[in-house]
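All remarks here apply to the structure that follows.
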Amino acid sequence: MLVFMGVIACYLVVALALPLYAILSKSFKNNDGEFVGLANYLEYFNTPSLTYSIQNSLTISIITTLISVTIAFTLAYGLSRSCMRLKGLFKIIALVPILVPSLLPGIALVYLFGRQGLIKELLFGHDIYGPIGIVISEVFFTLPHALIIIMTALSIADARLYEAAQSLNAGKVKTFFTVTLPGARYGLISAGFVVFTLTITDFGAPKVIGGDFNVLATDIYKQVIGQQNFEMGAVVSLILLLPAGVAFTVDRIMQRKQVALLSARAVAYEPKPSTSFDWIMFSWATIVSIFILTILGTCQYAALIKFYPYDLTLSLKNYQFDLMDGGGWESFYNSLELACWTAVIGTVLVFLGAYMVEKGKGFHLGRSLFQFLAMLPMAVPGLVLGLAYIFFFNSPNNPLNFLYHTMAILVISTVTHFYTVAHLTAVTALKQMDPEFESVASSLKTPFYRTFTRITVPVCLPAILDISIYLFVNAMTTVSAVVFLYGPHTSLASVAVLNMDDAGDIAPAAAMGMMIFYTNASVRILHGLLSRGVLRKTQSWRSR
Amino acid sequence: MKFTKFLAAAVMTGVMASPVFAATELTVYTAVEAEDLKKYAERFNEDHPDININWVRDSTGIVTAKLLAEKENPQADVIWGLAATSLLLMKSEDMLEPYAPAGLDGLDSKFRDKSEPPTWTGMDAWVAAICVNTVEAEANNLPMPASWQDLTNPVYKGHIAMPNPNSSGTGFLDVSSWLQIFGEDDGWAFMDGLHQNIHHYTHSGSKPCKQAASGEVAIGVSFAFRGAKSKADGAPLEIIIPSEGIGWDMEATAIVKGTDNMEAAKTLVDWSITDKANMMYNEGYAVIGKQALAKPVEHFPSNIPESMIDNDFEWAANNRKRILAEWQKRYDSKSEPKS
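Protein chains in written order, with this note's numbering: chain F, 7 to 550; chain A, -19 to 319.
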């Protein structure tokens, strides 16, 4: 067992800790690799056009956080506390943005609000290229993440509190502010930090729709790709690491303060029908759904138009990816391959790792160190990870150098990038299992791997499936880490979207983005069917 | 008998065609337009079927960054189709293998590295140009610009896109050529004026023209090749060659120092300056390394060769860092509230 844990810990050290150290040391060196202390940092802070980006990034992220969390909260409130119709459908639609790359809303906004935009009048002369475009895209992109967290927070409500409020003659508004909001506060805070981190580290939306509004994430790209200034890229990376790291740390501390709201005696809250309230919520959910569907629909429409806006005949011309930048259809198949490998290898690695942390005995220091390493990827932006991988893996002194430009390095970086959420899912599932299983097993002298395969895995199968779909979907959509790492034979669909948009081939970019969406949606549906089948088979013990 | 002969022939061709037949794999880094790559490899394979090209294609900036990042451990064997300015950068880092390809004498003297033997040889020139969307120009009452200076006219305010020189090779080509055409002081003064009219700076050099083609902006500062392509696709575009002259850069070829496939690399570089290769470049580019062979290209303005300035690539490469820093200081915070 110790051996297993050692192997996975080694993985995290090699795939995470060492590359991060490489990028840190790079930021203190000059172009020739000599140590120059803080010179790069001084140069950074003496270049106003670079430091402006800090302010820009913070502004965008804070505004997005406020808007996204507000929308998510109101929507989640409607979904959990009203009796409106079509709840299931609204929920599915609201979760759709998870399935598309963050570049896609930006592309849709160009078609909707650009110079030739279908509904550009709605902006009243404002320019979509810039902060407005970035914020709309980021709200689209972060909404499902916020919604999932807040839904969970709102779903655990104790009906007795509401009954108490009613008997104390508290009005609806008062009840909302004294019972509902405080009950959901940890969810709201957590959602806020997640949205903030996602936005400040996202690179897709500002790249596509940001115009000349510089943010930290695009600065890293510009320093590295445009000016080949790797040292400055490393400096900006570390600066981007700061706010993301702070947000993450504060969130973890807050989470620790949270106490169980749902005691054993709690009674589940059941919403009562109320015509006016249900209608308001229904209208609101409809508006949010229309927003999401419009973005998707616009992209599909744009992908099928021959030459917008001068030739509106339908054609499949934009699907001739082989004639465009970005790697052609091969990149799509590469993405599928990456997603499959990431899902399989990642799930095994994450689940085993979580098992060691949760069910392992003794070796306490090692386990907490491992837990720390597993939480770390959440705070590391993808671009930073990608850049760190170049520095670390392409160094000729590195025996792992052969991995450079292979599918393997893409799989490693993607698994590492999305490790934390997968790890938390696994830990949560494992925590639900009584440690008695292990105690009984060891007193019966059953080896741990038998308990693991016979009991732990079957019981945790729903969580395992969730982890694999999470990794698959994200491997299909991610751009940030892999944009620095793909090689001659490993171009990826998501990067192709970026490169085609970059070259001005925006319609083919939309077409490829929609291919990613359809793939993820099909896999998601397949996953749903599979889970249902598996659940029936392995989880029947849950019901009597 | 006849049948066996046929069979033998069939087997032979089968063997010849199959890549298993001792093919050398060459990793070739390039910034050539994606739609042309297949053609380039096919034409080369007509003469050298035993060498298999593995393309690594990206925009100029990204390919250059990749090559520099891999300096300690190069992955590429050959670079075929990258800006000469980028190759000069690599030359100064001692990353290129000096090699005089067969038939070097036939090449225009502008189209080769000045060192002996040269570290790179040119293929074709890509030249700056202004793409104007005629429909949008009419709708917004914009006059046709005829010179670079015209673009500073306030009527164009918010109608022009140009590539950011910090991320685009074409953008740097524009800026470095303006500084050469107008001189340093007047060059920056011109850009100050132009900056007032810029709607946005793009990351890539072809995007301004593609955006002009789709009406996202009325005017895109880009390169002629891209404009001609979009025009061929049916975009309402006019390609303007400004009267002051135009900046240009070459697509060029070089061997990466330390390649394991030196023989095959030399074969490819030899081929890249043959007449056949030059005629192939001419299908898309008006100005090529052996200009005597060049035929006019459809949708290309005819006055390109005489409009090309006497571009000092060494100067541009040596001053690149300084120019980019100055540009960034002046213009790279376009969206900042202006004080």
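Glycine residues also receive a C-beta, built at the ideal position from the N, C-alpha and C atoms. Keep in mind that this is a model prediction, so the values were computed, not measured.
Find out if the Cβ-Cβ distance for the pair residue i, residue j is shorter than 7 Å.
i	j	result
residue 214 (chain F)	residue 59 (chain F)	no
residue 217 (chain A)	residue 223 (chain A)	no
residue 293 (chain A)	residue 101 (chain A)	no
residue 226 (chain A)	residue 281 (chain A)	no
residue 202 (chain F)	residue 67 (chain F)	yes
residue 24 (chain A)	residue 106 (chain A)	no
residue 423 (chain F)	residue 487 (chain F)	yes
residue 8 (chain A)	residue 245 (chain A)	no
residue 70 (chain F)	residue 144 (chain F)	yes
residue 431 (chain F)	residue 384 (chain F)	no
residue 212 (chain F)	residue 87 (chain F)	no
residue 6 (chain A)	residue 241 (chain A)	yes
residue 212 (chain A)	residue 68 (chain A)	no
residue 525 (chain F)	residue 340 (chain F)	no
Using a C-beta cutoff of 7 Å, does residue i count as contacting chain F?
i	result
residue 312 (chain A)	yes
residue 28 (chain A)	no
residue 110 (chain A)	no
residue 66 (chain A)	no
residue 48 (chain A)	yes
residue 221 (chain A)	no
residue 147 (chain A)	yes
residue 308 (chain A)	yes
Can you name the residues of chain F whose CB is closer than 8 Å to the CB of residue i?
i	result
residue 187 (chain A)	508, 509, 510
residue 36 (chain A)	493, 494
residue 191 (chain A)	510
residue 213 (chain A)	313
residue 7 (chain A)	494
residue 184 (chain A)	508, 509, 510
Can you pull the chain A neighbours of residue i, defined as C-beta to C-beta under 8 Å?
i	result
residue 122 (chain F)	194, 195, 196
residue 411 (chain F)	55
In whole angstroms, what is the alpha-carbon distance linking residue i and residue j?
i	j	result
residue 257 (chain F)	residue 118 (chain A)	55 Å
residue 158 (chain F)	residue 434 (chain F)	14 Å
residue 114 (chain A)	residue 476 (chain F)	48 Å
residue 151 (chain F)	residue 483 (chain F)	15 Å
residue -8 (chain A)	residue 27 (chain A)	The pLDDT assigned to residue -8 (chain A) is 46, lower than 50, so where the model puts this residue is not dependable, and the model offers no usable value.
residue 87 (chain A)	residue 99 (chain A)	14 Å
residue 290 (chain F)	residue 80 (chain F)	8 Å
residue 198 (chain F)	residue 492 (chain F)	32 Å
residue 48 (chain A)	residue 517 (chain F)	32 Å
residue 276 (chain A)	residue 508 (chain F)	29 Å
residue 235 (chain A)	residue 12 (chain A)	16 Å
residue 52 (chain F)	residue 174 (chain A)	26 Å
residue 249 (chain A)	residue 200 (chain F)	52 Å
residue 83 (chain F)	residue 160 (chain F)	7 Å
residue 375 (chain F)	residue 354 (chain F)	20 Å
residue 30 (chain A)	residue 402 (chain F)	30 Å
residue 40 (chain A)	residue 93 (chain F)	50 Å
residue 1 (chain A)	residue 239 (chain A)	Residue placement at residue 1 (chain A) is flagged as unreliable, the pLDDT there being 49, under the threshold of 50; a coordinate-derived value is accordingly withheld.
Are the C-beta atoms of residue i and some chain A residue less than 7 Å apart?
i	result
residue 13 (chain F)	no
residue 521 (chain F)	no
residue 396 (chain F)	yes
residue 126 (chain F)	no
residue 38 (chain F)	no
residue 243 (chain F)	no
residue 157 (chain F)	no
residue 6 (chain F)	For chain F, the structure presents residues 7 to 550; residue 6 (chain F) sits outside this window and is missing.
Find the residues of chain A that neighbour residue i, judging by a C-beta separation of less than 7 Å, and give them in chain order.
i	result
residue 55 (chain F)	308, 309, 312, 313
residue 17 (chain F)	Residues of chain A passing the Cβ test: none, with the nearest at roughly 23 Å.
residue 135 (chain F)	180
Quick one: list the residues of chain F neighbouring residue i, beta-carbon separation under 7 Å, in chain order.
i	result
residue 304 (chain A)	233
residue 45 (chain A)	230, 231, 234
Counting only runs of 3+ residues fully inside the segment 234 to 264 of chain F, write out the beta strand (DSSP E) ranges in chain order. none
Give, in chain order, every unbroken run of the alpha helix (DSSP H) that is at least 4 residues long and sits entirely within the segment 179 to 208 of chain F. 187 to 207
Output the residue ranges of the alpha helix (DSSP H) runs that lie fully inside the segment 152 to 213 of chain A and measure 4 residues or longer, sorted by chain position. 164 to 177, 187 to 193, 204 to 212
Quick one: complete beta strand (DSSP E) runs, 3+ long, within the segment 90 to 130 of chain A? 100 to 113
In chain order, what are the residue ranges of uninterrupted alpha helix (DSSP H) at least 4 long that sit wholly in the segment 417 to 489 of chain F? 425 to 437, 442 to 449, 454 to 457, 463 to 483
Entirely within the segment 75 to 158 of chain F and at least 4 residues each: give me those alpha helix (DSSP H) ranges in chain order. 93 to 101, 109 to 119
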